[in-house]
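What follows is a short report on a single structure.
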Amino acid sequence: MNELSHLTGFSRDELTSFVKGLGMPRFRADQIFRGIHERRLTSFDQMTDLPKALREQLKQSAAIQSLTVESKYVSSDGTRRFLMKTADGRPVEAVFIPTENRDTICFSSQSGCALKCDFCLTAKLGLLRSLSAGEIVEQIITVLNDVYGEGGETPHGTNLVAMGAGEPFLNFENLIKALEIMSDEQGLFIVPGRVTVSTAGIVPKINEFAKLERRPNLAISLSAANDELRDKLMPINKRWNLDELLTSAKSFEKTLKRGERFTFEYVLLGGVNDTDGHARELADLLKKYDLRRVKINLIPHNPADQLGYHPSTAEQVKRFKELLESSGVSAYVRTPRGRDIYAACGQLAAKSEPNLVQIAGV
Ligand code: SAH
2 MNELSHLTGF SRDELTSFVK GLGMPRFRAD QIFRGIHERR LTSFDQMTDL PKALREQLKQ
62 SAAIQSLTVE SKYVSSDGTR RFLMKTADGR PVEAVFIPTE NRDTICFSSQ SGCALKCDFC
122 LTAKLGLLRS LSAGEIVEQI ITVLNDVYGE GGETPHGTNL VAMGAGEPFL NFENLIKALE
182 IMSDEQGLFI VPGRVTVSTA GIVPKINEFA KLERRPNLAI SLSAANDELR DKLMPINKRW
242 NLDELLTSAK SFEKTLKRGE RFTFEYVLLG GVNDTDGHAR ELADLLKKYD LRRVKINLIP
302 HNPADQLGYH PSTAEQVKRF KELLESSGVS AYVRTPRGRD IYAACGQLAA KSEPNLVQIA
362 GV
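Counting in our numbering, the sequence shown runs from 2 upward without gaps.
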């Protein structure tokens with residue numbers, strides 16, 4: 002973005018050095034940090050607690066926003082999908098999912114995705130590029146400002162899930178930096194306990210993640226309980242197979258604190274991985290690796306024309322869940338949200354058809 006520093010992705014320390022470099026005292030960095038993250042201001046002009054000359058100086062060398070919102074789609078269930086563009090024209094999508102008790106924002110870690118999961122529409126984009134920490138944080142600020150107004154209170158608090166486009170663990174550093182910025186109590190104050198990062202199974206990064214002191218919750222996308230099928234559905238399995246993945250998951254489990262659990266996601270594909278036999282195979286696999294502090298999130302497949310799969314029947318979803326439970330495994334079915342606007346799991350493919358209900362002018 003023409004040499005302007007994108008301050009939204011600066012840690013507090015980085016902001017302090019930046020401000021010092023401009024010859025300003027340190028407390029200005031705190032004011033700017035609060036302005037961006039706590040007050041969610043989007044221009045320096047709004048930071049009226051800074052002297053005017055300073056605001057002008059900042060405008061010469063820095064920016065708060067780097068993404069532009071192209072369109073916003075609102076689902077009949079209240080879910081909102083934001084299609085944004087980076088300064089170099091790459092699509093970025095974030096989704097706001099309201100629920101009774103707490104809202105969830107699903108954000109993207111990359112533009113597109115490299116992983117080629119066979120049942121996922123984002124895979125069709127290929128990887129365009131990884132997002133910067135600032136582009137990650139800005140998605141959340143943009144969504145909150147749309148829903149609650151600039152600087153408005155977030156009445157329910159917000160959960161964050163790194164479950165949008167991309168593989169978060171292939172953009173590990175920027176992701177962790179963004180989460181650190183967002184957890185700052187003088188900013189968005191979204192603590193790690195309210196964040197879940199989902200990975201398709203980048204084993205070395207799961208191991209690295211396990212060592213982090215303050216870390217978010219972990220979800221691992223499994224979707225098959227044998228290598229032959231997982232190779233086909235999720236080609237990343239050819240790089241790190243189930244044995245490596247579950248061994249790493251077991252080591253991760255040992256680092257959990259009291260009362261904590263982690264999640265395996267399992268996309269249910271009609272006739273492909275959803276039979277009674279598959280449910281038993283999954284339960285057996287968890288037993289084999291002695292994985293106890295896990296829950297399974299069953300995700301009904303969100304179909305699309307380009308994907309050659311269909312959803313499981315409602316009866317089979319129920320049966321799959323019951324079979325897991327009867328083997329002592331906690332299982333939940335994730336309710337699809339925002340399917341009508343291409344906002345549900347695996348549907349983020351930068352779709353901008355005019356036939357989607359669009360509320361313009363955000
Ligand atoms: N790359 C990471 C983050 C994406 S999370 C990961 O794979 O975990 C998105 C979740 O949606 C993943 O669990 C993925 O398996 C699931 N998913 C992908 N395509 C889907 C589809 N068409 N229907 C339902 N879930 C899907």
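By construction, the Cβ of each residue, glycine as well, lies at the ideal position given by its N, Cα and C atoms.
Keep in mind that this is a model prediction, so the values were computed, not measured.
Distances from the CA of residue 269 to each of 253, 311, 115 were compared; the closest alpha carbon is that of 311. Taking 7 Å as the cut-off, the C-beta of residue 249 does not count as close to any heavy atom of the ligand SAH. Relative to the ligand SAH, even the nearest heavy atom lies 7 Å or more away from the CB of residue 94. The three-state reading of DSSP puts residue 244 in helix, counting H, G and I together.
Sequence-distant partners of residue 218 (beyond 5 residues in either direction) whose C-beta falls short of 6 Å from its own C-beta, in its chain, are 197. Around the beta carbon of residue 267, a 10 Å sphere encloses 16 or more other beta carbons of the protein chains shown; the residue is thus reported as buried. Taking the Cα positions, residue 20 is about 22 Å away from residue 137. In this structure, residue 110 and residue 129 do not form a Cβ contact; the two beta carbons are roughly 12 Å apart against a cut-off of 8 Å. Excluding five sequence positions before and after residue 140, the CB atoms of its chain that fall closer than 6 Å to its own CB belong to 95, 108, given in chain order. With distances taken between CA atoms, residue 114 lies nearest to 201 out of 283, 106, 201, 61.
In this structure, the beta-carbon distance from residue 134 to residue 163 does not fall below 8 Å.
Comparing alpha carbon positions, the residue from 351, 159, 249 closest to residue 212 is 249.
A residue is called buried once 16 or more other Cβ atoms fall within 10 Å of its Cβ, and residue 170 is buried on that count.
Only buried fits residue 274, as 16 or more other CB atoms lie within 10 angstroms of its CB.
Looking at the backbone, the Cα of residue 145 and that of residue 42 are separated by about 11 Å. Boundaries of the beta strand (DSSP E) around residue 111: 111-113. Where residue 229 is concerned, there is no enclosing beta strand (DSSP E), although the alpha helix (DSSP H) around it starts and stops at 228-234. For residue 104, DSSP records a beta bridge to 159.
Ranking 253, 223, 252, 259 by CA distance to the CA of residue 242 puts 223 first.
Contact between residue 335 and residue 303 does not hold, since their C-beta atoms are separated by about 10 Å, which reaches or exceeds 8 Å.
Residue 104 places its beta carbon less than 8 Å from that of residue 159. Residue range 134-149 is occupied by the alpha helix (DSSP H) that includes residue 136. Shortest Cα-Cα distance from residue 288 to any of 251, 22, 66, 150 involves 251.
DSSP links residue 301 through a beta bridge to 269. Collapsing the DSSP output to three states places residue 40 in coil.
Close CB contacts of residue 99 within its chain, under the 6 Å cut and outside five residues either way in sequence, are with 79 (chain order).
The three-state secondary structure of residue 85, taken from DSSP, is strand.
Around the beta carbon of residue 348, 16 or more other beta carbons lie within 10 angstroms, which makes this residue buried. When rounded, the separation of the alpha-carbon atoms in residue 7 and residue 30 is 14 Å. In terms of Cβ geometry, residue 68 and residue 85 form a close pair [threshold 8 Å]. In this structure residue 157 is exposed. Its beta-carbon is surrounded by fewer than 16 other beta-carbon atoms within 10 angstroms.
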